[in-house]
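These notes are about the structure you will find just below.
In my numbering, the protein residues as written are 60 to 989.
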């Protein structure tokens, strides 16, 4: 330290001494000391925090800042800057850190977050102890990193020591103020009258009067003299005619310093009687605590006049009333005692009463309490059972006050009452039993239960919670063992922030919440009822929860089934409209052409083919229904594998050839005989082959292979190089009404029941079917495993799909027909040509764009659900060609819902026709102009 630094330090300490010697509020002095420290050390924040070790909290009530950082005020957890920091302070060591964000003591995430919130990196904290306990901390905060020098630490320690006495004095003064506040509250609310008087003396020094210095509200109520009219005045002024004996009594107390307890009669105050206690308090002042006993004195007078009246009054009391002498010998019992016990006379001493009427289990404690009260001269309280005349015992609460001789102060009598509390004791016993039942219920209920205590960071935000109480079902539902007393983040590191926020809201508002939440880390769902318990400041929340994971899974399954149902119904409508379109077109053609003409023959062929397609759709639906209900019986016989394969190929070959696929078939060289239903197995293979043909681009490869496996098993596989199957769909493809890719450009026809039906038929034969795929665009393989010997039984499946066009026309126009369904496109084209229109037909989106640019059609009939470019994308591209600005676009599709029509309008399409198209709708479409 340089000489200049030493001088500056000395000036600082001298100034500090002057400040600490100053008068004023402790907090204000500490605030000034904080400001001095801040300027001397050139830091951003200085303050004091008072430690409440019992609650593990620190009250930051003094803080100075240079304006660049927010003040740190309020009550926070002691470990806000990390548990290692508070542990070091409790060990009596200062905390000296240049950068809390890179120091081992403050490396945890919560502490670093706190440092960001208070905008602090460098800290210097000095602890102050009293009686071995951490009481106060003094801290310096700096926003940037700072290396604290030994001289700075030494000076902070000295400042802390010099302010220790001021802080402890402030605590004592605060305690005194709180004590005075409690006394003032008692003074204002007590039922007894109270006043302080100050002696007024004559020239000879005798007290001849006294002046009212202070009085409580009860003074006015018991005397009738308003307090504001009494204060500052003498008693002779406030109570004209007061007797001299009153002043003489208080004069003895003031002059002798001895307290006095007495009864006082003041006729001028409406003939009132008072019981008073007077005490000298020095400097000629005395205090008086008094009660008005006018009514009691009247009663005593009445009792003195008539013993009979006294007994009548005692007997009118609903409890047992009794009086004994100082040793406990009975002097009086009211009639309720005799009525209850059946005794004829006084029972004798307290010990004799205990033996004669008390329950054996209560005798010892009763006598111990009574003997203790006799020895100390204090009130006697006990609960015991007294035997009734019937022999039964009932519980009584016994209270007795000693009467002290005014002259000797010794106890002369005991005045007591015995109140029947039997019903209350039974209720308490019932409550204990209820609590025991609650505990049993708590331990045995299936619902999980826990009580949490929320934890808040330095900014007052909830960030965690501690488990204060849990039941056995809690561990069963959550799997968290040993959670009691631990923080949630210790058990669940990836604790959901939404849970903490929800529970904190319940703790703050007190409003209960019922909700469902998913515990992702547990893979479970819970139905939770949260409500606040205890005082709001305790931040406690109780949770009653049950595991609803199974219900959520069922709900999800129902939603998925409902979605598949909706998709199936839409697909069914689409698939039924597709064959209806060419049938409708064919009928229209036959109305205009000779049946024997080439056009008529062609139309009939198309209609027959589409009719057979519809029959297959209906057969598939009936088959899957019958299989689902167990109504199908397999017609098993010995059949060769070659015959089954040939039957399947006969069904599927037209679809495979129309798509120009290359089909390879590999079968075992030796004959394979199966005990099976040949028709149903052929149906399985044809479904697999049809799927391969539909989901493989034109000119693809399809392979059917069969081979014997060990254990007399046969493996049949159908492979293709088509669109493939995503990994998450490999099992779902066998679910009812499921199709791969339901978007328009992937629409391949079918109802999504073929694979489901195939699986059921294979299982009925004692085998199983599975799907394999390397992923989208990489083909797929379906493998059927069957027993060669004697399998079980199975049932039908299906597939399907087709598209259609319109009918009838008006004036000759240049028309482009676009539809990937060849039959639908051809029939619509034939129909339009018969009406004299110039027609061009194409079967995909790219061909449509090229044909439109080449022929500039006046009207385009456009299918929506096409592979490659769908109808919406084709419409968008056509609208972008200036030469086609006046071309009318009409959608011809199997999708006819309102949302589908709205989408066509949004795509710039002028009309929307739903397959099969009626002639009159087609005629109106031909008249459309842009």
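Even for Gly, the Cβ is constructed at its ideal location relative to N, Cα and C.
With a CB to CB cut of under 7 Å and the five nearest residues on each side skipped, what residues in its chain are close to residue i?
{"i": "residue 938", "result": "967"}
{"i": "residue 453", "result": "444, 445, 447, 479 and 481"}
{"i": "residue 214", "result": "68"}
{"i": "residue 106", "result": "93, 119, 121, 122, 123, 131 and 198"}
{"i": "residue 872", "result": "896, 917, 918 and 985"}
{"i": "residue 293", "result": "259, 268, 269 and 270"}
{"i": "residue 851", "result": "Bear in mind that a pLDDT of 45 at residue 851, under 50, signals an unreliable position, so the number given afterwards is only what the model happens to contain. Excluding sequence neighbours, residue 851 sits near 823, 824 and 825."}
Quick one: using the 10 Å Cβ neighbour count with 16 as the cut-off for buried, is residue i buried or exposed?
{"i": "residue 544", "result": "exposed"}
{"i": "residue 175", "result": "exposed"}
{"i": "residue 868", "result": "Any reading at residue 868 must be qualified, since the residue scores a pLDDT of 40, below 50, and its modelled position is unreliable; the value itself is stated next. With 16 or more other Cβ atoms within 10 Å, it is buried."}
{"i": "residue 746", "result": "buried"}
{"i": "residue 574", "result": "exposed"}
{"i": "residue 249", "result": "exposed"}
{"i": "residue 993", "result": "Here the chain comprises residues numbered 60 to 989, so residue 993 is not present and cannot be evaluated."}
{"i": "residue 109", "result": "buried"}
{"i": "residue 781", "result": "buried"}
{"i": "residue 162", "result": "buried"}
{"i": "residue 889", "result": "buried"}
{"i": "residue 88", "result": "buried"}
{"i": "residue 647", "result": "buried"}
{"i": "residue 815", "result": "buried"}
{"i": "residue 885", "result": "buried"}
{"i": "residue 613", "result": "exposed"}
Looking only at its chain, what residues have a beta carbon closer than 6 Å to the beta carbon of residue i, apart from the 5 residues adjacent to it on each side?
{"i": "residue 272", "result": "255 and 257"}
{"i": "residue 960", "result": "971"}
{"i": "residue 134", "result": "116 and 118"}
{"i": "residue 554", "result": "547 and 548"}
{"i": "residue 934", "result": "948, 966, 967 and 968"}
{"i": "residue 832", "result": "783, 784 and 839"}
{"i": "residue 789", "result": "830"}
{"i": "residue 149", "result": "193"}
{"i": "residue 525", "result": "512 and 546"}
{"i": "residue 207", "result": "155 and 183"}
If we ignore side chains and look at the alpha-carbon of each, how far apart do residue i and residue j end up?
{"i": "residue 707", "j": "residue 972", "result": "37 Å"}
{"i": "residue 892", "j": "residue 877", "result": "15 Å"}
{"i": "residue 233", "j": "residue 226", "result": "10 Å"}
{"i": "residue 527", "j": "residue 609", "result": "29 Å"}
{"i": "residue 736", "j": "residue 692", "result": "9 Å"}
{"i": "residue 826", "j": "residue 776", "result": "13 Å"}
{"i": "residue 370", "j": "residue 432", "result": "27 Å"}
{"i": "residue 644", "j": "residue 778", "result": "36 Å"}
{"i": "residue 86", "j": "residue 290", "result": "35 Å"}
{"i": "residue 744", "j": "residue 846", "result": "16 Å"}
{"i": "residue 437", "j": "residue 349", "result": "20 Å"}
{"i": "residue 224", "j": "residue 62", "result": "30 Å"}
{"i": "residue 903", "j": "residue 656", "result": "30 Å"}
{"i": "residue 413", "j": "residue 425", "result": "8 Å"}
{"i": "residue 151", "j": "residue 538", "result": "41 Å"}
{"i": "residue 980", "j": "residue 910", "result": "25 Å"}
Compute the beta-carbon to beta-carbon distance between residue i and residue j, rounded to the nearest angstrom, for a pair I have assumed lies under 8 Å.
{"i": "residue 947", "j": "residue 922", "result": "Wrong, their Cβ atoms sit about 16 Å apart, outside the cutoff."}
{"i": "residue 640", "j": "residue 974", "result": "4 Å"}
{"i": "residue 305", "j": "residue 323", "result": "6 Å"}
{"i": "residue 416", "j": "residue 400", "result": "6 Å"}
{"i": "residue 216", "j": "residue 153", "result": "7 Å"}
{"i": "residue 945", "j": "residue 989", "result": "5 Å"}
Sorted by chain position, which residues of the same chain lie with C-beta nearer than 8 Å to residue i's C-beta, five sequence neighbours on each side aside?
{"i": "residue 395", "result": "374, 376, 377, 378, 379 and 380"}
{"i": "residue 352", "result": "322, 332, 333 and 334"}
{"i": "residue 475", "result": "380, 381, 382, 383, 439, 457, 458, 459 and 460"}
{"i": "residue 393", "result": "370, 373, 374, 376, 379, 380 and 381"}
Report whether the distance from the Cβ of residue i to the nearest heavy atom of the ligand NAD is below 7 Å.
{"i": "residue 984", "result": "No copy of the ligand NAD occurs in the structure displayed, which carries no ligand at all."}
Original post:
Within the chosen definition, does the region 533-543 reach the region 510-517 through at least 3 CB pairs nearer than 8 Å?
Top reply: They do not touch, by the three-pair rule.
**OP:** Would you check if there are 3 or more beta carbon pairs closer than 8 Å linking the region 812-828 to the region 697-711?
**Re:** At 8 Å Cβ cutoff, the stretches do not touch.
Subject >> Sufficient close CB pairs (3 or more, under 8 Å) joining the region 714-727 to the region 756-766 >> reply: Yes: at least three Cβ pairs fall under 8 Å.
**OP:** Assess, as a yes-or-no matter, whether the region 179-186 is touched by the region 143-158 under the definition of 3 or more beta carbon pairs within less than 8 Å.
**Re:** Yes, the region 143-158 touches the region 179-186.
Original post:
On the three-pair Cβ rule with 8 Å, is the region 562-574 touching the region 590-600?
Top reply: Flag = yes, the region 562-574 and the region 590-600 touch.
Subject >> the region 459-475 touching the region 483-499, judged by at least three CB pairs closer than 8 Å >> reply: Fewer than three pairs of CB atoms, one per stretch, sit closer than 8 Å, so the region 459-475 makes no contact with the region 483-499.
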